[in-house]
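Numbering of the sequence shown is given in UniProt numbering, commencing with residue 1 and proceeding in unit increments.
Where a beta carbon is used, it is the ideal one built from N, C-alpha and C, also for glycine.
Below is one structure, written out as structure tokens; comments come after it.
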Amino acid sequence: MRKFLVLLDDSRECLNAMRFAAMRASNTGGVVVVLAVIPAEEIQHGLGVAEVMRAEARERIEAHFEVFAKWMRDRPKVEPELVIREGD
């Protein structure tokens, strides 16, 4: 099974990459894997604050992902996966 990896960010190119990956996955029976990275500098605070910031970042990423995922699910045979990682 083919996997099409797309990086989720706030760029204009992200939208084009999502569309392309969804179309290719639909045509080839592949899977779209959406990767989002929480930068380390966003969570380098005290332990309690870092956990809150990490949770807020995850919520923001999941909301952003759902916008694209809804569109992708309208395509035949496309079910996107979200992968969230922390670090550089």
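{"Check": "Among P76, V67, A50, nearest to C14 - alpha-carbon criterion", "Outcome": "V67"}
{"Check": "Ordered list of beta strand (DSSP E) runs contained in the UniProt domain \"UspA\" (1–86), each at least 3 residues", "Outcome": "3–7, 31–38, 81–86"}
{"Check": "Distance between beta carbons of V6 and M23, contact taken as under 8 Å", "Outcome": "Actually they are not in contact, since the Cβ atoms of M23 and V6 sit about 12 Å apart, beyond 8 Å."}
{"Check": "Own chain, CB closer than 6 Å to D88, minus 5 neighbours either side, in chain order", "Outcome": "A40"}
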